[in-house]
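Novice: Here numbering that gives the first Met the number 0 is used: the sequence shown runs in plain steps of one and ends on residue 173.
Beta carbons are placed, not taken as given, at the ideal position from N, Cα and C, and that holds for glycine.
Note that the structure is a prediction, hence the values are computed from the model and not measured.
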Amino acid sequence: MNRMTPLEIQRASFPLRWKGMDSDAVRALLSQLAEQVEEEARVRGELKAQVARLSGEVEEYRQRTNALNETLVAAQHTAEAIIGRAEAEAQRIVSEAQALADRVIDDAIHRAENLELIIGQLRSRRRAARAEVKKVIELLQGFIRDDEAAEEREVQVPSVALMRPRVREGQASS
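(1) Ala96: buried (16+ other C-beta within 10 angstroms of its C-beta) or exposed?
(2) So, at 7 Å on beta carbons, what are the nonlocal neighbours of Ile143 in its own chain, with the 5 sequence-adjacent residues on each side left out?
(3) Taking the alpha carbon of Leu6 as the reference point, which residue from Arg16, Asp23, Ser22, Val36 has its own alpha carbon closest?
(4) So Leu29 and Gln9 are supposed to be a Cβ contact under 8 Å. How far apart are they, rounded?
(5) Is it right to say Ala11 is buried, meaning 16 or more other beta carbons lie within 10 angstroms of its own, or is it exposed?
(6) What is the residue span of the alpha helix (DSSP H) that Asn1 lies within?
(7) Hey, could you find the ends of the alpha helix (DSSP H) Arg122 is sitting in?
(8) Taking its Cβ as the centre, do 16 or more other Cβ atoms sit within 10 Å of Ala33, making it buried, or is it exposed?
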């Protein structure tokens with residue numbers, strides 16, 4: 000059966016029969032049916048338009064979702080790359096810092112060893128200087144002892160008597 004339009008329903012005609020139906024009542028019913036079919040066609044058209052609009056929106060949301068997913072994946076890859084570079088840079092910095100610390104420690108150890116050598120040399124020089132000072136002190140003490148002994152000898156010999164004139168033999172009886 001072919002689909003009928005509301006206008007075809009309103010214009011439909013039926014053969015007349017004896018004891019047939021009230022044609023005004025049939026016309027009223029057909030008119031009412033035509034209005035209902037027309038209303039349903041209008042609603043169906045609105046629903047189709049709404050379905051088309053919603054399908055478009057769904058497709059747009061799908062595209063946005065795909066774009067967001069792609070963006071998220073790209074952002075994740077970018078973040079992973081940045082984190083990787085940051086970790087590599089951090090490792091490089093730590094390695095450089097460790098190498099610098101090792102050099103500083105080695106330099107400090109070398110300087111400490113040099114200082115210990117210098118301190119040892121200074122201690123040795125101090126001992127040598129102390130021994131020299133002791134020798135000088137002993138020498139000076141020897142000079143002092145010799146001077147004291149010489150002074151004692153000088154006290155025993157009168158020094159003024161040496162300066163008295165000698166008596167000469169011809170002058171003795173004056």
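Specialist: Based on what the coordinates show:
(1) exposed
(2) none
(3) Val36
(4) 6 Å
(5) exposed
(6) From DSSP, Asn1 is part of no alpha helix (DSSP H); its letter is neither H nor E.
(7) 22 to 155
(8) buried
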